[in-house]
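**Q** Take a look at the following structure, please.
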Amino acid sequence: MKRTERAAGAVVGSAVGDALGGPFEFGTQGAFSARFPTPGADGEMCGGGGWDPGEATDDTQMAILVAESLLERGGLDLPDIFARFQVWAAADPKDIGLQTEDVLTNGMPWDLAAAIHFQVNRRAAGNGSLMRASTSAVHFAAAGRETTMDAARRIAALTHGDRAAWEGTAIYHELIRVMFEDTDPLAALPDILVHVHPDHRSRYATVLAPEWHPDQATEFNGAVWPCLGSAVWALRTTSGFEDAVRAAVDLGGDTDTVAAVTGGLAGAYYGLDAIPARWTEPLHVPLPGSGGRVLHLADLLHLAHRLGG
Numbered sequence: 001m002k003r004t005e006r007a008a009g010a011v012v013g014s015a016v017g018d019a020l021g022g023p024f025e026f027g028t029q030g031a032f033s034a035r036f037p038t039p040g041a042d043g044e045m046c047g048g049g050g051w052d053p054g055e056a057t058d059d060t061q062m063a064i065l066v067a068e069s070l071l072e073r074g075g076l077d078l079p080d081i082f083a084r085f086q087v088w089a090a091a092d093p094k095d096i097g098l099q100t101e102d103v104l105t106n107g108m109p110w111d112l113a114a115a116i117h118f119q120v121n122r123r124a125a126g127n128g129s130l131m132r133a134s135t136s137a138v139h140f141a142a143a144g145r146e147t148t149m150d151a152a153r154r155i156a157a158l159t160h161g162d163r164a165a166w167e168g169t170a171i172y173h174e175l176i177r178v179m180f181e182d183t184d185p186l187a188a189l190p191d192i193l194v195h196v197h198p199d200h201r202s203r204y205a206t207v208l209a210p211e212w213h214p215d216q217a218t219e220f221n222g223a224v225w226p227c228l229g230s231a232v233w234a235l236r237t238t239s240g241f242e243d244a245v246r247a248a249v250d251l252g253g254d255t256d257t258v259a260a261v262t263g264g265l266a267g268a269y270y271g272l273d274a275i276p277a278r279w280t281e282p283l284h285v286p287l288p289g290s291g292g293r294v295l296h297l298a299d300l301l302h303l304a305h306r307l308g309g
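Under this note's numbering, the first residue of the sequence shown is numbered 1, with each subsequent residue one higher.
Right under this line is the structure:
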């Protein structure tokens with residue numbers, strides 16, 4: 001499969017998962033299948049919970065901000081990404097994580113805000129850096145393992161002071177990279193884990209193991225470990241993009257992010273053509289703080305093409 005197809009699949013797939021899961025956030029297990037028992041039914045991009053049908057949430061909005069910074073600045077400019085995040089946060093987005101909001105609005109400089117938040121609160125292992133990683137994963141995939149994992153950690157650290165969040169985002173980046181090389185990401189996991197910080201390797205090895213199930217999670221899936229573990233579980237236990245994303249949403253809880261992470265992985269794995277048109281046609285991404293811009297499928301495809309080189 002061409003890299004361009006995987007790049008588009010990762011970016012669009014993440015956005016689709018986000019928009020599909022948003023209306024079911026904090027709901028119960030099986031809520032999506034209960035409402036749409038037959039795969040392929042119309043109306044699955046149903047909206048609700050404050051979201052219009054097909055509207056992507058903060059997960060995709062922040063991913064686009066990262067992408068536009070990478071493209072416009074010609075590479076990784078951490079102060080610029082942070083400044084874009086701040087403008088977005090100040091524009092009253094419909095949804096923003098409590099930790100992310102505090103980091104972006106506490107008045108501290110870009111290189112201290114997340115670290116100080118972590119020092120004070122001692123809790124910063126949410127999935128908020130993982131949720132936005134599809135675009136940066138595509139951008140850095142061609143640069144090799146060390147570079148892509150390092151970039152993931154540095155972007156994650158802008159809002160998350162806990163290294164657990166950095167390592168989860170780095171694993172995601174590397175999973176996307178190996179797929180771009182036509183390598184089976186599940187078979188690559190043992191080698192990827194070797195490059196995870198030793199303090200966090202064991203916990204990720206547990207949630208990424210073939211026998212792990214989301215029901216075994218010891219934290220809510222808004223935490224980075226079960227979020228990534230659930231996405232890999234959904235990819236491992238299904239046989240197509242649709243089934244993987246449906247399985248992710250059906251887990252309940254933080255459905256938009258679990259499905260966004262799953263959609264990014266499954267989109268890269270199966271390619272753009274595996275994502276159904278009934279999910280991509282209503283897809284749209286409002287960008288608070290950008291003068292009313294709204295991105296649609298064509299915009300996301302253009303972005304993915306530029307990111308993927």
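Glycine included, each C-beta is placed from N, C-alpha and C at the ideal position. A quick note: this is a predicted structure, and the numbers were derived from the prediction, not measured.
Near Phe118, what residues of its chain come up, given a Cβ to Cβ distance below 8 Å and the 5 sequence neighbours on each side ignored?
**A** The count along the sequence shown starts at 1 and reaches residue 118 at position 118. Once the five neighbours on either side are set aside, the close Cβ partners of Phe118 are Ala124, His160, Gly161 and Asp162.
**Q** Please report the straight-line C-alpha distance between Gln86 and Asp184, rounded to a whole angstrom.
**A** Within the sequence shown, the letter at position 86 stands for residue 86. Within the sequence shown, the letter at position 184 stands for residue 184. Each residue's Cα considered, the two are about 37 Å apart.
**Q** Going by DSSP, which residues form a beta bridge with Trp51?
**A** Indexing the sequence shown from 1 puts residue 51 at position 51. In the DSSP output, where bridge partners are listed per residue, Trp51 has Gly48.
**Q** Look up Gly27 in the DSSP assignment and say whether it is helix, strand or coil.
**A** If you number the sequence shown from 1, residue 27 lands on position 27. Correct three-state label for Gly27: strand.
**Q** Can you give me the start and stop residues for the alpha helix (DSSP H) that His197 sits inside?
**A** To locate residue 197, count along the sequence shown from 1; it is residue 197. From DSSP, His197 is part of no alpha helix (DSSP H); its letter is neither H nor E.
**Q** Apart from the five residues on each side of it in sequence, which residues of its chain come closer than 7 Å, Cβ to Cβ, to Leu272?
**A** By one-based count along the sequence shown, residue 272 stands at place 272. Here the set comprises Glu5, Ala8, Gly9 and Val12.
**Q** Please report the straight-line C-alpha distance between Phe26 and Asp215, rounded to a whole angstrom.
**A** Position 26 of the sequence shown, counting from 1, holds the residue named residue 26. Position 215 of the sequence shown, counting from 1, holds the residue named residue 215. Answer to the nearest angstrom: the Cα atoms are 16 Å apart.
**Q** Residues bridged to Ala223 by DSSP?
**A** Residue mapping note: residue 223 aligns to position 223 of the sequence shown, counting from 1. DSSP output for Ala223 lists Gly126 as bridge partner(s).
**Q** Can you tell me whether DSSP reads Leu189 as helix, strand or coil?
**A** The residue labelled residue 189 in the question sits at position 189 within the sequence shown. Note: Leu189 maps to helix in three-state DSSP.
**Q** Helix or strand or just coil, what does DSSP make of Pro288?
**A** Sequence index remark: in the sequence shown, residue 288 carries index 288 (1-based). The answer is coil: DSSP assigns Pro288 none of H, G, I, E or B.
**Q** Taking Cβ positions, are Trp51 and Pro93 nearer each other than 9 Å?
**A** Sequence index remark: in the sequence shown, residue 51 carries index 51 (1-based). Sequence index remark: in the sequence shown, residue 93 carries index 93 (1-based). Against a cut-off of 9 Å, the Cβ pair of Pro93 and Trp51 comes out as no contact.
**Q** Closest to Asn106 by C-alpha separation, out of Ala83, Ala56 and Glu146, would be which residue?
**A** Indexing the sequence shown from 1 puts residue 106 at position 106. For the residues Ala83, Ala56 and Glu146, the minimum Cα distance to Asn106 belongs to Ala83.
**Q** Kindly give me the distance between the Cβ atoms of Arg177 and Arg145, rounded to whole angstroms, as I take these residues to be in contact under 8 Å.
**A** Stepping through the sequence shown from its first residue, residue 177 is reached at position 177. Stepping through the sequence shown from its first residue, residue 145 is reached at position 145. Going by Cβ atoms, the distance from Arg177 to Arg145 rounds to 7 Å, so yes, they are a contact pair.
**Q** Give the straight-line distance between the Cα atoms of Asp111 and Leu158, rounded to the nearest whole angstrom.
**A** For the purposes of this step, residue 111 is identified with residue 111 of the sequence shown, where counting begins at 1. For the purposes of this step, residue 158 is identified with residue 158 of the sequence shown, where counting begins at 1. For Asp111 and Leu158, the distance between alpha carbons rounds to 7 Å.
**Q** Assuming Leu175 and Ile155 are in contact, meaning their beta carbons sit under 8 Å apart, how far apart are those beta carbons, in whole angstroms?
**A** Here residue 175 refers to the residue found at position 175 when the sequence shown is read from its first residue. Here residue 155 refers to the residue found at position 155 when the sequence shown is read from its first residue. Not confirmed; about 16 Å, so no contact.
**Q** Which residues does DSSP list as the beta-bridge partners of His305?
**A** Translated into positions along the sequence shown, residue 305 becomes position 305. DSSP lists no partner for His305.
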